[in-house]
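*Asks:* Here numbering that gives the first Met the number 0 is used: the first residue of the sequence shown is 0, the next is one more, and so on.
The structure follows.
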Amino acid sequence: MPGYYYLVTTLFFAFMKRLLLFIFWLYASSLWAQMLPSKRLEIMRDEKITDDFEVLPLGEQGVLVTKILENPSRGINHTYQLSRYDSTLALRWEGEFKLKPPYKALLSYHTPEHIYWLCGDPDSDKIQIWKTSLDNGDMEVIEGKVPAIDIVSKFKILGNKAFLGGMYNDRPVVVSFSFFDKTSKALPELFDFHLNIHDLDVDESGNKIHVFGKYNRKGKCLLQMYTYSYDGHLLNKTTLNDDSERSLITAKIVHLDNGESLLVGNYSLNCSDYSQGLYLTKVTDRPENKIQYVPFSDLQNFFNYLKPSRQERIRHKIAEHKKQGKDMKFHYLLQIQDLIPTEEGYLVVAEAYFPQTKTSNSYTPTAVTSRRSSNSFESFRYTHALVCGLNRSGELLWDNSMELKDLTSDLLAPQVQLSKKDSETLFLTYTHESKVRSLQIQKDKTLGKIQEYELLPAELNKSVDRDTYPSLMSWYGPYYLSWGFRKHPSVANQSSKEAFFLYKLEHPSHSLTP
Numbered sequence: 000m001p002g003y004y005y006l007v008t009t010l011f012f013a014f015m016k017r018l019l020l021f022i023f024w025l026y027a028s029s030l031w032a033q034m035l036p037s038k039r040l041e042i043m044r045d046e047k048i049t050d051d052f053e054v055l056p057l058g059e060q061g062v063l064v065t066k067i068l069e070n071p072s073r074g075i076n077h078t079y080q081l082s083r084y085d086s087t088l089a090l091r092w093e094g095e096f097k098l099k100p101p102y103k104a105l106l107s108y109h110t111p112e113h114i115y116w117l118c119g120d121p122d123s124d125k126i127q128i129w130k131t132s133l134d135n136g137d138m139e140v141i142e143g144k145v146p147a148i149d150i151v152s153k154f155k156i157l158g159n160k161a162f163l164g165g166m167y168n169d170r171p172v173v174v175s176f177s178f179f180d181k182t183s184k185a186l187p188e189l190f191d192f193h194l195n196i197h198d199l200d201v202d203e204s205g206n207k208i209h210v211f212g213k214y215n216r217k218g219k220c221l222l223q224m225y226t227y228s229y230d231g232h233l234l235n236k237t238t239l240n241d242d243s244e245r246s247l248i249t250a251k252i253v254h255l256d257n258g259e260s261l262l263v264g265n266y267s268l269n270c271s272d273y274s275q276g277l278y279l280t281k282v283t284d285r286p287e288n289k290i291q292y293v294p295f296s297d298l299q300n301f302f303n304y305l306k307p308s309r310q311e312r313i314r315h316k317i318a319e320h321k322k323q324g325k326d327m328k329f330h331y332l333l334q335i336q337d338l339i340p341t342e343e344g345y346l347v348v349a350e351a352y353f354p355q356t357k358t359s360n361s362y363t364p365t366a367v368t369s370r371r372s373s374n375s376f377e378s379f380r381y382t383h384a385l386v387c388g389l390n391r392s393g394e395l396l397w398d399n400s401m402e403l404k405d406l407t408s409d410l411l412a413p414q415v416q417l418s419k420k421d422s423e424t425l426f427l428t429y430t431h432e433s434k435v436r437s438l439q440i441q442k443d444k445t446l447g448k449i450q451e452y453e454l455l456p457a458e459l460n461k462s463v464d465r466d467t468y469p470s471l472m473s474w475y476g477p478y479y480l481s482w483g484f485r486k487h488p489s490v491a492n493q494s495s496k497e498a499f500f501l502y503k504l505e506h507p508s509h510s511l512t513p
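This is the structure in structure tokens:
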């Protein structure tokens, strides 16, 4: 009999152990099935007024939500209602300003201390710049006139000056506007038919502004960087291309502590828009700046998004071309995000894409210069994301990639969010409809496969507006922000109402870490 009871007891404890493991597995599976909600706030919409919402993440300092109301019947073009929340989504302050005709909002720009809205009169040179403190919501409006610019496409702030980039009489122009004396000044040597301005960069530590432009004349393309003082004097004009057939397309700049600048971008051949790889270079006081080219074929993981058989065929072609002393040509359009500083150096995140024409429910890839028909529109399909690690000297240390399966967008904008799990581990994350897809990497090593989660809890997911899926943005640490619109069910005789929601989410892998 004692042996019998021993056997029964042993079987019972074995059964309980298996049961507990099974329960833990179910619990862990439920965590991994969706992003982990932390807190949510909602702002009800007024069905009688047209509104829109903008979200500005401020890292650990919180988030700014701007509700934009359109109410022309009351003699107001737009009312901007600002709400600043801390990292727990607790309200810090509220404020608002109103745009009266004829002023309309054009662009916004933010610094760590303030957010600025540039507003203009379409029929005159008059502008308004609404300056709002992110700390306490204090506002002031700066009014003036900025002639010699017709279309504004760039807007940056340096000190107590605004810099507006755009076009005037079909030529590029950048104009500075002083907050103190309300004077404006066009920066010299930019008013050229053959120049297209790509970007403006403000160097706060050096009190300078850089203008990047692509110069195209007689089949020759040059990427040029114009450096101006705070007062608008031209300090340097740097031609970034060398004597090779390579054409530099874009440039992302990082200002180094020694006064030099690190530029990272993509390059093509013979003025083509199609990228062949990345380039890295430092801009110094020396007359010649060496450019380091990194073709896609030299990247270890660039083609990982392809099936193994296709990867093998491409690598075989690359090897054959190299035996013949030739470089293989590629046809990738590449969008590069702003560089992310790290303890080791910098991270480069970029997405490869191609434009496509959407007609009814079908998609057709198109060339970059294709003409759109009246019953179709151009959108963008992404193939994969590239992430590279650089040291502080701008040298490439490693690369990795992530497939962006079935990802399309009507707007060419950054799609991949990057967050840290620890000093070595990164998450590459993007949304596809109501799902989140995430890949865990350690430099050039991929940890497992792409995981897919529900973006929002089931009870919220049922009421989300399917015409515009929720957005997702990396916030700070393991946390993300997701926002969108949902419908509240009708109650009694009242019709259903719609609300804007903002969710604080945590990546499930963080919560499962011991």
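Note that beta-carbon positions come from the ideal geometry of N, C-alpha and C, so glycine has one too.
Bear in mind that the values here come from a model prediction, so they are computed numbers and not experimental data.
#1: Find the nearest neighbour of residue 43 within the set 295, 80, 59, 496, judged by alpha-carbon distance.
#2: Expressed to the nearest angstrom, what Euclidean distance is found between the alpha-carbon atoms of residue 461 and residue 79?
#3: Residue 332 by DSSP, collapsed to three states: which one?
#4: Do residue 115 and residue 128 have their CB atoms nearer than 9 Å?
#5: Hey, out of 453, 168, 415, whose CA is closest to residue 433's CA?
#6: How would you label residue 192, buried or exposed, when you count the other beta carbons within 10 angstroms and need 16 or more for buried?
#7: Under 9 Å, do residue 298 and residue 389 count as touching if we go by C-beta distance?
#8: Skipping 5 residues on each side, what residues in its chain have a beta carbon closer than 6 Å to that of residue 450?
#9: Tell me which same chain residues have a C-beta within less than 8 Å of the C-beta of residue 34, skipping the five on either side of it?
#10: Whole alpha helix (DSSP H) runs in the segment 286-353 with 4 or more residues, listed along the chain?
#11: Can you say whether residue 314 is buried or exposed, counting buried as having 16 or more other CB atoms within 10 angstroms of its CB?
#12: Provide the residue(s) that pair with residue 401 in DSSP beta bridges, ordered along the chain.
#13: Of the residues 122, 386, 94, 50, which one's Cα is nearest the Cα of residue 77?
#14: In three-state DSSP terms, what is residue 447?
#15: Cα-Cα, which of 402, 107, 153, 354 is closest to residue 380?
#16: Report yes or no: do three or more beta-carbon pairs, one from the segment 82-94 and one from the segment 102-122, lie closer than 8 Å?
#17: Is residue 18 helix, strand or coil when you go by DSSP?
#18: Please report how far the alpha carbon of residue 123 lies from the alpha carbon of residue 282, in whole angstroms.
#19: Do the segment 164-174 and the segment 128-139 touch if we need at least three Cβ pairs shorter than 8 Å?
#20: What do you get for residue 483, buried or exposed, if any count of 16 or more other CB atoms within 10 angstroms of its CB means buried?
#21: Name the DSSP beta bridge partners of residue 227, please?
#22: Give the range of the alpha helix (DSSP H) segment to which residue 159 is assigned.
#23: Among residues of its own chain, excluding the 5 on either side of residue 100, which ones have a beta-carbon nearer than 6 Å to its beta-carbon?
#24: Near residue 171, which residues of its chain fall below 8 Å by C-beta distance, leaving aside the five closest residues on each side in sequence?
#25: For residue 263, tell me which candidate among 248, 73, 273, 271 has the shortest Cα-Cα distance.
#26: Excluding the 5 residues preceding and the 5 following residue 302 in the sequence, name in chain order all residues of the same chain whose CB lies nearer than 6 Å to its CB.
#27: Less than 9 Å between the beta carbons of residue 464 and residue 442, yes or no?
#28: Looking at the secondary structure, which residues open and close the alpha helix (DSSP H) in which residue 460 lies?
#29: Looking at residue 140 and residue 119, is the spacing between their C-beta atoms short of 9 Å?
#30: Expressed to the nearest angstrom, what Euclidean distance is found between the alpha-carbon atoms of residue 329 and residue 182?
#31: Who are the near neighbours of residue 343 in its chain, counting only those whose CB is closer than 7 Å to its CB and skipping five residues on each side?
#32: Would you mind stating whether residue 332 and residue 351 have Cβ atoms separated by less than 9 Å?
#33: Got a sec? Which residues, its chain only, sit under 7 Å from residue 419 by beta carbon, not counting five neighbours each side?
#34: Taking the C-alpha atoms as reference points, what is the distance between residue 321 and residue 377?
#35: Indicate the three-state DSSP secondary structure (helix, strand or coil) for residue 453 in the structure shown.
#36: Taking Cβ to Cβ, would you say residue 201 is nearer than 9 Å to residue 186?
*Replies:* Judging by the given coordinates:
#1: Looking at the Cα atoms, 496 is the closest of the given residues.
#2: Taking the CA atoms as reference points, residue 461 sits about 30 Å from residue 79.
#3: Residue 332: strand per DSSP, three-state reduction.
#4: Contact flag set, yes.
#5: Nearest to residue 433 by C-alpha distance, out of 453, 168, 415, is 453.
#6: Residue burial annotation: residue 192 is exposed, with fewer than 16 other C-beta atoms found within 10 angstroms of its C-beta.
#7: No; because the gap between Cβ atoms is not below 9 Å, this pair is not in contact.
#8: These residues qualify, in order along the chain: 437.
#9: Contacts found: 435, 452, 453, 454, 455, 479, 481, 504, 505, 506, 507.
#10: Every unbroken stretch of the alpha helix (DSSP H) spanning 4 or more residues and falling wholly within the segment 286-353 is given here in chain order: 307-322.
#11: When all chains shown are included, residue 314 counts as exposed.
#12: DSSP, once it has assigned bridges, lists 384 as partnering residue 401.
#13: Closest option to residue 77, Cα to Cα, is 50.
#14: It is a strand residue.
#15: For residue 380, the nearest C-alpha among the options comes from 354.
#16: Flag = no, the segment 82-94 and the segment 102-122 do not touch.
#17: Because residue 18 carries a pLDDT of 45, less than 50, the predicted location of this residue cannot be relied on, and the following value inherits that uncertainty. In the three-state reduction of the DSSP assignment, residue 18 falls in the helix class.
#18: When rounded, the distance between both Cα atoms is 39 Å.
#19: Between the segment 164-174 and the segment 128-139, the count of Cβ pairs shorter than 8 Å is below three; the stretches do not touch.
#20: Buried, because 16 or more other Cβ atoms sit within 10 Å of the Cβ of residue 483.
#21: The secondary-structure analysis by DSSP pairs residue 227 across a beta bridge with 208, 233.
#22: Element bounds for residue 159: n/a, residue is neither H nor E.
#23: Only 76 meet the Cβ criterion.
#24: So the qualifying residues of the chain are 164, 165, 189, 190, 191, 194, 195, 196, 212.
#25: The shortest Cα separation from residue 263 among 248, 73, 273, 271 belongs to 248.
#26: 310, 313.
#27: Between residue 464 and residue 442, the C-beta gap is not smaller than 9 Å, which leaves the two residues out of contact.
#28: Start and end: 457-460.
#29: Not closer than 9 Å, so no.
#30: Straight-line Cα distance between these residues: approximately 48 Å.
#31: Cβ neighbours of residue 343 within its own chain (closer than 7 Å, five residues either side excluded): 388, 390.
#32: If you check the CB distance, residue 332 and residue 351 come in under 9 Å.
#33: Apart from sequence neighbours up to five positions away, the residues of its chain that approach residue 419 with a beta-carbon distance below 7 Å are 425, ordered along the chain.
#34: The alpha-carbon of residue 321 is positioned some 36 Å away from that of residue 377.
#35: Three-state DSSP puts residue 453 in a strand.
#36: In this structure, residue 186 does not lie closer than 9 Å to residue 201 by Cβ.
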